[in-house]
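Residue numbers (full-length UniProt numbering): 1 to 300.
In this text, a Cβ means the ideal position worked out from N, Cα and C, and glycines have one as well.
Have a look at the structure below before the remarks.
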(Lines of atoms letter the chains of each structure in order from A and count residues from 1; the text may use other names and numbers.)
(Lines give C-alpha, C1' and ligand atoms only; values in the text may rest on other atoms or scores of the structure.)
Protein backbone atom coordinates (compact mmCIF):
# COMPACT_ATOMS: atom_id res chain seq x y z
CA UNK A 1 0.00 0.00 0.00
CA UNK A 2 1.29 3.49 -0.85
CA UNK A 3 2.01 5.17 2.52
CA UNK A 4 0.75 8.46 1.11
CA UNK A 5 -2.67 6.93 0.49
CA UNK A 6 -4.31 5.44 3.60
CA UNK A 7 -6.60 3.08 1.68
CA UNK A 8 -6.01 1.80 -1.84
CA UNK A 9 -9.46 0.44 -2.58
CA UNK A 10 -13.02 0.86 -1.28
CA UNK A 11 -12.91 -2.52 0.40
CA UNK A 12 -9.91 -1.35 2.44
CA UNK A 13 -11.89 1.51 3.96
CA UNK A 14 -13.67 1.16 7.30
CA UNK A 15 -17.44 1.19 7.10
CA UNK A 16 -19.02 4.62 7.22
CA UNK A 17 -20.05 5.29 10.80
CA UNK A 18 -22.48 7.51 12.66
CA UNK A 19 -20.23 9.44 15.04
CA UNK A 20 -21.13 11.01 18.37
CA UNK A 21 -18.95 13.42 20.33
CA UNK A 22 -19.22 13.59 24.13
CA UNK A 23 -17.35 16.75 25.07
CA UNK A 24 -17.43 19.03 22.04
CA UNK A 25 -14.38 21.10 22.95
CA UNK A 26 -11.32 21.79 20.86
CA UNK A 27 -10.26 18.17 20.49
CA UNK A 28 -13.72 16.68 20.01
CA UNK A 29 -14.79 19.12 17.31
CA UNK A 30 -11.47 18.80 15.46
CA UNK A 31 -11.57 15.00 15.39
CA UNK A 32 -15.28 14.98 14.59
CA UNK A 33 -14.68 17.33 11.66
CA UNK A 34 -11.77 15.18 10.47
CA UNK A 35 -13.93 12.05 10.54
CA UNK A 36 -16.70 13.90 8.69
CA UNK A 37 -14.17 14.92 6.05
CA UNK A 38 -13.26 11.23 5.71
CA UNK A 39 -16.89 10.37 4.95
CA UNK A 40 -18.32 9.49 8.34
CA UNK A 41 -21.40 11.30 9.64
CA UNK A 42 -21.31 13.21 12.93
CA UNK A 43 -24.88 12.82 14.17
CA UNK A 44 -24.81 14.10 17.76
CA UNK A 45 -22.67 15.99 20.23
CA UNK A 46 -22.85 17.04 23.85
CA UNK A 47 -21.59 20.42 25.00
CA UNK A 48 -21.78 22.14 28.36
CA UNK A 49 -20.79 25.76 27.89
CA UNK A 50 -22.17 28.30 25.44
CA UNK A 51 -18.76 28.47 23.76
CA UNK A 52 -18.59 24.72 23.15
CA UNK A 53 -22.17 24.71 21.86
CA UNK A 54 -21.26 27.43 19.40
CA UNK A 55 -18.13 25.55 18.35
CA UNK A 56 -20.08 22.33 17.85
CA UNK A 57 -22.70 24.11 15.74
CA UNK A 58 -19.99 25.69 13.60
CA UNK A 59 -17.67 22.71 13.12
CA UNK A 60 -20.00 19.70 13.43
CA UNK A 61 -22.75 20.86 11.14
CA UNK A 62 -25.74 18.59 11.10
CA UNK A 63 -24.98 17.17 14.53
CA UNK A 64 -27.78 17.37 17.07
CA UNK A 65 -26.84 18.81 20.47
CA UNK A 66 -27.90 16.22 23.03
CA UNK A 67 -27.13 14.69 26.40
CA UNK A 68 -24.18 12.28 26.65
CA UNK A 69 -26.59 9.35 26.94
CA UNK A 70 -28.44 10.44 23.79
CA UNK A 71 -25.15 10.83 21.95
CA UNK A 72 -24.19 7.24 22.78
CA UNK A 73 -27.61 5.98 21.71
CA UNK A 74 -27.35 7.73 18.34
CA UNK A 75 -23.80 6.73 17.38
CA UNK A 76 -21.83 3.74 16.14
CA UNK A 77 -18.57 5.44 17.14
CA UNK A 78 -18.54 7.56 20.31
CA UNK A 79 -15.67 9.99 20.93
CA UNK A 80 -15.13 10.72 24.63
CA UNK A 81 -13.14 13.94 24.45
CA UNK A 82 -13.19 15.16 28.04
CA UNK A 83 -10.38 16.01 30.50
CA UNK A 84 -8.42 13.04 31.84
CA UNK A 85 -9.70 13.42 35.39
CA UNK A 86 -13.33 13.37 34.20
CA UNK A 87 -13.03 10.33 31.96
CA UNK A 88 -13.42 7.53 34.50
CA UNK A 89 -16.51 9.05 36.11
CA UNK A 90 -18.03 9.75 32.69
CA UNK A 91 -17.64 6.13 31.57
CA UNK A 92 -18.99 4.77 34.86
CA UNK A 93 -21.89 7.23 34.80
CA UNK A 94 -22.89 6.45 31.24
CA UNK A 95 -22.78 2.73 31.91
CA UNK A 96 -24.86 3.15 35.06
CA UNK A 97 -27.65 4.76 33.02
CA UNK A 98 -28.12 1.45 31.21
CA UNK A 99 -27.56 2.98 27.78
CA UNK A 100 -26.96 0.21 25.24
CA UNK A 101 -23.29 0.18 24.19
CA UNK A 102 -23.31 -3.31 22.68
CA UNK A 103 -21.15 -3.35 19.57
CA UNK A 104 -20.46 0.38 19.71
CA UNK A 105 -16.92 1.71 19.32
CA UNK A 106 -16.10 3.81 22.38
CA UNK A 107 -12.98 5.88 21.74
CA UNK A 108 -11.29 8.21 24.21
CA UNK A 109 -8.50 10.67 23.42
CA UNK A 110 -6.66 10.78 26.75
CA UNK A 111 -2.91 10.31 26.60
CA UNK A 112 -2.80 9.11 30.19
CA UNK A 113 -5.11 6.11 29.86
CA UNK A 114 -5.26 3.01 27.73
CA UNK A 115 -8.47 1.03 27.40
CA UNK A 116 -8.71 -0.06 31.04
CA UNK A 117 -10.51 3.18 31.91
CA UNK A 118 -13.28 2.05 29.54
CA UNK A 119 -13.76 -1.23 31.43
CA UNK A 120 -17.34 -0.54 32.61
CA UNK A 121 -18.45 0.09 29.04
CA UNK A 122 -16.42 -2.85 27.73
CA UNK A 123 -18.15 -5.19 30.18
CA UNK A 124 -21.45 -3.87 28.85
CA UNK A 125 -20.51 -4.85 25.30
CA UNK A 126 -18.67 -1.78 23.99
CA UNK A 127 -15.58 -2.00 21.80
CA UNK A 128 -12.83 0.07 23.49
CA UNK A 129 -10.25 2.25 21.72
CA UNK A 130 -7.67 4.69 23.12
CA UNK A 131 -6.53 7.14 20.42
CA UNK A 132 -4.50 10.15 21.55
CA UNK A 133 -3.46 12.85 19.03
CA UNK A 134 0.03 14.14 19.75
CA UNK A 135 -0.63 17.81 19.11
CA UNK A 136 -2.10 20.90 20.71
CA UNK A 137 -5.50 22.25 19.67
CA UNK A 138 -6.32 25.95 19.45
CA UNK A 139 -10.01 25.66 18.64
CA UNK A 140 -9.43 27.25 15.25
CA UNK A 141 -10.66 25.72 11.97
CA UNK A 142 -7.10 24.91 10.87
CA UNK A 143 -6.82 22.32 13.67
CA UNK A 144 -8.26 19.76 11.25
CA UNK A 145 -5.63 20.48 8.59
CA UNK A 146 -2.89 20.31 11.20
CA UNK A 147 -3.79 16.67 11.93
CA UNK A 148 -2.05 15.67 8.70
CA UNK A 149 1.01 13.60 9.58
CA UNK A 150 0.46 13.92 13.34
CA UNK A 151 1.21 10.86 15.47
CA UNK A 152 -1.65 9.29 17.45
CA UNK A 153 -0.89 7.06 20.41
CA UNK A 154 -3.07 3.97 19.85
CA UNK A 155 -4.01 1.31 22.42
CA UNK A 156 -6.72 -1.28 21.82
CA UNK A 157 -7.44 -4.99 22.20
CA UNK A 158 -5.60 -6.87 19.46
CA UNK A 159 -8.72 -7.59 17.36
CA UNK A 160 -9.56 -3.85 17.34
CA UNK A 161 -6.08 -2.57 16.58
CA UNK A 162 -6.72 -2.42 12.80
CA UNK A 163 -9.93 -0.45 13.41
CA UNK A 164 -8.19 2.11 15.62
CA UNK A 165 -5.30 2.49 13.20
CA UNK A 166 -7.65 2.82 10.23
CA UNK A 167 -9.54 5.63 11.94
CA UNK A 168 -6.26 7.45 12.61
CA UNK A 169 -5.22 7.12 8.99
CA UNK A 170 -8.58 8.43 7.87
CA UNK A 171 -8.08 11.53 10.01
CA UNK A 172 -4.74 12.09 8.29
CA UNK A 173 -2.62 10.94 11.21
CA UNK A 174 0.00 8.26 11.78
CA UNK A 175 -0.80 5.55 14.36
CA UNK A 176 1.87 4.76 16.95
CA UNK A 177 1.17 1.63 19.00
CA UNK A 178 1.45 2.05 22.80
CA UNK A 179 1.05 -0.91 25.14
CA UNK A 180 -1.54 -0.47 27.90
CA UNK A 181 0.99 -0.48 30.73
CA UNK A 182 3.21 2.05 28.93
CA UNK A 183 0.56 4.76 28.60
CA UNK A 184 1.59 6.72 31.75
CA UNK A 185 5.24 6.79 30.63
CA UNK A 186 4.22 7.74 27.09
CA UNK A 187 2.15 10.63 28.38
CA UNK A 188 4.85 11.77 30.83
CA UNK A 189 7.32 11.90 27.95
CA UNK A 190 5.00 14.09 25.90
CA UNK A 191 4.36 16.42 28.83
CA UNK A 192 8.10 16.70 29.46
CA UNK A 193 8.77 17.59 25.85
CA UNK A 194 5.87 19.94 25.18
CA UNK A 195 4.58 21.45 28.42
CA UNK A 196 7.96 21.88 30.07
CA UNK A 197 9.41 23.29 26.86
CA UNK A 198 6.90 26.13 27.03
CA UNK A 199 7.88 26.81 30.65
CA UNK A 200 11.59 26.83 29.76
CA UNK A 201 11.10 29.18 26.82
CA UNK A 202 8.98 31.61 28.83
CA UNK A 203 11.53 31.49 31.66
CA UNK A 204 14.36 32.24 29.23
CA UNK A 205 12.37 35.15 27.79
CA UNK A 206 11.76 36.58 31.25
CA UNK A 207 15.47 36.38 32.10
CA UNK A 208 16.40 38.07 28.83
CA UNK A 209 13.98 40.88 29.61
CA UNK A 210 15.68 41.33 32.99
CA UNK A 211 18.98 41.45 31.09
CA UNK A 212 17.65 44.35 29.03
CA UNK A 213 16.70 42.55 25.81
CA UNK A 214 13.70 44.37 24.33
CA UNK A 215 12.46 41.53 22.09
CA UNK A 216 13.44 38.25 23.75
CA UNK A 217 11.28 36.12 21.46
CA UNK A 218 13.01 37.48 18.39
CA UNK A 219 16.41 36.91 19.98
CA UNK A 220 15.64 33.34 21.07
CA UNK A 221 13.76 32.19 17.96
CA UNK A 222 16.67 31.20 15.68
CA UNK A 223 18.67 29.68 18.55
CA UNK A 224 15.79 27.57 19.85
CA UNK A 225 14.74 26.52 16.36
CA UNK A 226 18.26 25.25 15.64
CA UNK A 227 18.51 23.55 19.03
CA UNK A 228 15.19 21.73 18.58
CA UNK A 229 16.13 20.64 15.07
CA UNK A 230 19.50 19.35 16.29
CA UNK A 231 17.91 17.46 19.19
CA UNK A 232 15.30 15.77 16.99
CA UNK A 233 17.83 14.82 14.32
CA UNK A 234 20.93 14.06 16.38
CA UNK A 235 19.76 13.36 19.90
CA UNK A 236 22.35 14.14 22.58
CA UNK A 237 24.98 14.49 19.83
CA UNK A 238 23.33 17.80 19.00
CA UNK A 239 24.18 19.23 22.42
CA UNK A 240 26.16 22.48 22.56
CA UNK A 241 26.90 25.03 25.28
CA UNK A 242 29.00 25.27 28.45
CA UNK A 243 27.96 21.93 29.95
CA UNK A 244 28.89 20.07 26.75
CA UNK A 245 32.24 21.91 26.75
CA UNK A 246 32.89 21.15 30.42
CA UNK A 247 33.12 24.87 31.13
CA UNK A 248 32.62 24.72 34.89
CA UNK A 249 33.57 28.37 35.40
CA UNK A 250 30.82 29.62 33.12
CA UNK A 251 28.27 27.32 34.72
CA UNK A 252 29.31 28.52 38.18
CA UNK A 253 28.78 32.12 37.11
CA UNK A 254 25.33 31.24 35.73
CA UNK A 255 24.35 29.60 39.00
CA UNK A 256 25.54 32.57 41.06
CA UNK A 257 23.76 35.13 38.88
CA UNK A 258 20.52 33.18 38.85
CA UNK A 259 20.68 32.84 42.64
CA UNK A 260 20.80 36.63 42.80
CA UNK A 261 18.10 37.35 40.19
CA UNK A 262 15.73 34.38 40.39
CA UNK A 263 16.24 31.57 42.93
CA UNK A 264 13.48 29.53 41.25
CA UNK A 265 15.32 29.73 37.94
CA UNK A 266 18.54 28.68 39.66
CA UNK A 267 16.91 25.50 40.96
CA UNK A 268 15.63 24.59 37.50
CA UNK A 269 18.97 25.43 35.87
CA UNK A 270 20.90 23.25 38.34
CA UNK A 271 18.55 20.27 37.92
CA UNK A 272 18.67 20.44 34.11
CA UNK A 273 22.42 21.04 34.02
CA UNK A 274 22.99 17.93 36.16
CA UNK A 275 20.84 15.84 33.83
CA UNK A 276 22.62 17.33 30.82
CA UNK A 277 26.05 16.56 32.32
CA UNK A 278 25.03 12.97 33.09
CA UNK A 279 23.79 12.42 29.54
CA UNK A 280 26.83 14.10 27.99
CA UNK A 281 29.15 11.93 30.11
CA UNK A 282 27.31 8.74 29.16
CA UNK A 283 27.45 9.70 25.48
CA UNK A 284 31.19 10.36 25.65
CA UNK A 285 30.80 14.06 24.93
CA UNK A 286 32.13 15.04 28.34
CA UNK A 287 35.35 13.81 29.93
CA UNK A 288 35.08 12.36 33.45
CA UNK A 289 37.30 15.07 34.94
CA UNK A 290 35.23 17.84 33.37
CA UNK A 291 32.03 16.15 34.54
CA UNK A 292 33.38 15.97 38.11
CA UNK A 293 34.16 19.70 38.11
CA UNK A 294 30.73 20.52 36.69
CA UNK A 295 28.90 18.40 39.22
CA UNK A 296 30.90 20.05 41.99
CA UNK A 297 29.73 23.45 40.81
CA UNK A 298 26.14 22.17 40.62
CA UNK A 299 26.11 20.67 44.13
CA UNK A 300 23.58 22.23 46.52
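On the criterion of 16 or more Cβ atoms from any shown chain inside 10 Å, does residue 282 qualify as buried, or is it exposed? exposed
To the nearest angstrom, how far is the alpha carbon of residue 111 from that of residue 136? 12 Å
In whole angstroms, what separates the C-alpha of residue 255 from that of residue 270? 7 Å
Cβ-Cβ distance between residue 108 and residue 117 below 9 Å: yes
Which of helix, strand or coil DSSP assigns to residue 130: strand
Expressed to the nearest angstrom, what Euclidean distance is found between the alpha-carbon atoms of residue 106 and residue 21? 10 Å
Under a Cβ-count criterion, where at least 16 other Cβ atoms within 10 Å of its own Cβ denotes burial, should residue 240 be classed as buried or exposed? exposed
Could you name each continuous beta strand (DSSP E) segment of 3 residues or more that falls completely within the stretch 106–165, going from the start of the chain to the end? 127–133, 151–155
Name the DSSP beta bridge partners of residue 46, please? 22
Given a cut-off of 9 Å on the beta-carbon distance, is the pair residue 41 and residue 62 in contact? yes
With DSSP as the reference, label residue 183 as helix, strand or coil. helix
Please report the distance separating the alpha-carbon of residue 164 from that of residue 52. 26 Å
Is it buried or exposed for residue 235, if we count other Cβ within 10 angstroms and need 16 for buried? exposed
C-alpha distance - residue 170 paired with residue 35, whole-angstrom precision: 7 Å
Close-in-space but distant-in-sequence residues of the same chain around residue 178 (CB under 7 Å, 5 per side omitted): 153, 154, 155, 186
Endpoints, the beta strand (DSSP E) within which residue 174 is located: 174–177
For residue 56, which residues from the same chain have a beta carbon less than 7 Å from its beta carbon, with the 5 sequence-adjacent residues on both sides left out? 24, 29, 45, 47, 63, 65
Reference residue 49; option with closest CA among 300, 67, 85: 67
Between which two residues does the alpha helix (DSSP H) containing residue 78 stretch? Note, residue 78: premise wrong, no alpha helix (DSSP H); beta strand (DSSP E) at 77–80.
Between residue 244 and residue 297, which are expected to be in contact by the criterion C-beta below 8 Å, what is the C-beta distance as a whole number of angstroms? Actually they do not touch by this definition, with Cβ atoms about 15 Å apart.
Would residue 101 and residue 95 be called neighbours here (beta carbons separated by less than 9 Å)? yes
If we ignore side chains and look at the alpha-carbon of each, how far apart do residue 83 and residue 252 end up? 42 Å
If you measure between the beta carbons of residue 151 and residue 134, is that distance less than 9 Å? yes
Specify the secondary structure class of residue 99 as computed by DSSP and reduced to three states. coil
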